[in-house]
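Heads up: the structure comes next, in structure tokens.
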Amino acid sequence: MTDGVNELMAGVSQQLREMQTVIGSSRQPAVGIGPHCSAPYDCPLMDVCWKRVPEHSVFTLGSSKKAWEWYEQGYRGIKNLPPTLDFTKKQAIQVRAARTGKPFANPEVLREFLQELRYPLHFLDFETIGTAVPLFDDARPYQQVPFQFSLHVVDSEGAKPVHHSFLAEDAADPRRAFLKRLVSELGSKGSVIAYKASFEARVMKETCKMLPEFEPWRKRVEKRMVDLLVPFRNFGYYHPDQDGSASMKAVLPAITGRGYDELAIQEGETAGLRFLEMVSGNLPEAKRRKIRADLEAYCGLDTLGMVWIVDRLRELAR
1404 MTDGVNELMA GVSQQLREMQ TVIGSSRQPA VGIGPHCSAP YDCPLMDVCW
1454 KRVPEHSVFT LGSSKKAWEW YEQGYRGIKN LPPTLDFTKK QAIQVRAART
1504 GKPFANPEVL REFLQELRYP LHFLDFETIG TAVPLFDDAR PYQQVPFQFS
1554 LHVVDSEGAK PVHHSFLAED AADPRRAFLK RLVSELGSKG SVIAYKASFE
1604 ARVMKETCKM LPEFEPWRKR VEKRMVDLLV PFRNFGYYHP DQDGSASMKA
1654 VLPAITGRGY DELAIQEGET AGLRFLEMVS GNLPEAKRRK IRADLEAYCG
1704 LDTLGMVWIV DRLRELAR
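Under the numbering used here, the letters of the sequence shown match residues 1404 to 1721, in that order.
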């Protein structure tokens, strides 16, 4: 790697001088927003520079290139876009919802999705850690290693969901215990529902690659998996409060009125950091119990929230 590193090092001194000039200046650099704000990653100062970009902005419509064209033409919010523009079907739904403030639902699309579900329904969510330096043998950098799952099982229509969960106790490799518990709780029939199910499927595949005795089971489970993202990605339902997002964090409060605001942990990255803090061995027991309870509450809401979403989709599909 030496030659490649030396080539990159040649520009470091100049970059440092430029950084020091900025740091030493009494004025913020005059840099307008643009595609560079997210290239190659989102800039941590976007909240500052983008504060004049309104809610329901043109950037929520999905086409980055087109959005910048509209922005340069003076259009900021999608409510102000001319109705004569050639919107895609999904964009037209989103624009109409933003202008009217009313949600859109396509009962036919929702019914088509709901017909895929087979009882008992298993609503599943994983929490993972993906460190640059692997913490365990047989793991690669940034590999998502599961340390927690939440599972709500609904045996039949109208039945009360039953909760099952797993959360690793210490800093030992959690993968074998995780899979053994998951095998015992998922059973052999019924849909396994996850939100953006490709993530759970990928985590199981990578984990079973290290533990190949679980591979036949994984293949059976994969055939049962259903992605709850699909009806929202396909705009079978869209609420203006989603602001262009089909993520669970946007959909749950929009469609059910209930969300994550009251939780101590509200997203997956924080969950992973809190888990590592919990198993570090340097915390008082009361603090460990508090983190554990917070993790259980967050992951549990992910799966109970999916139960609520499916219930609401059934109402909208009638």
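Don't be surprised by glycine CBs; every beta carbon is placed ideally from N, CA and C.
These numbers were taken from a predicted model, which means no experiment stands behind them.
Nearest-angstrom beta carbon gap, Asp1528 and Arg1552 [assumed within contact, 8 Å]: The residue asked about is misnamed: residue 1552 is Phe in this sequence, not Arg. Contact holds; Cβ gap of about 7 Å.
Quick check on Ile1532: does DSSP put it in helix, strand or coil? strand
Straight-line Cα distance separating Gly1671 from Gly1703: 12 Å
Burial state of Asp1630, where buried means 16 or more other Cβ atoms lie within 10 Å: buried
Residues near Trp1453 in its chain [Cβ-Cβ closer than 8 Å; skip 5 each side]: Ile1436, Cys1440
How about His1555 and Val1710: are their beta carbons less than 9 Å apart? yes
Terminal residues of the continuous beta strand (DSSP E) containing Val1565? 1565-1570
Return helix, strand or coil for Met1628, following the three-state DSSP convention. strand
Classify Val1556 as helix, strand or coil using the three-state DSSP reduction. Note: Val1556 maps to strand in three-state DSSP.
Along the chain, where does the beta strand (DSSP E) containing Ile1694 start, and where does it finish? Careful: Ile1694 lies outside any beta strand (DSSP E), inside the alpha helix (DSSP H) at 1688-1720.
Spell out the partners DSSP gives Gly1480 in its beta bridges. Ser1460
Helix, strand or coil: how does DSSP classify Phe1539 here? coil
Just to confirm the assignment, what range does the alpha helix (DSSP H) spanning Ile1426 have? Taken as a continuous stretch (DSSP letters only), the alpha helix (DSSP H) holding Ile1426 covers 1415-1427.
Considering Cα atoms alone, identify which of Leu1655, Phe1539, Pro1619, Phe1550 is closest to Tyr1598. Leu1655
Leaving out five residues on either side along the sequence, give the residues of the same chain with a beta carbon under 7 Å from the beta carbon of Gly1504. Contacts found: Pro1643.
Do you know offhand how far Leu1570's Cα is from Ala1657's? 29 Å
In three-state terms, what does DSSP make of Val1682? coil
Val1595: first and last residue of the uninterrupted beta strand (DSSP E) it sits in: 1595-1597
With a threshold of 8 Å, are at least 3 pairs of Cβ atoms found where one atom belongs to the segment 1614-1621 and the other to the segment 1472-1482? no
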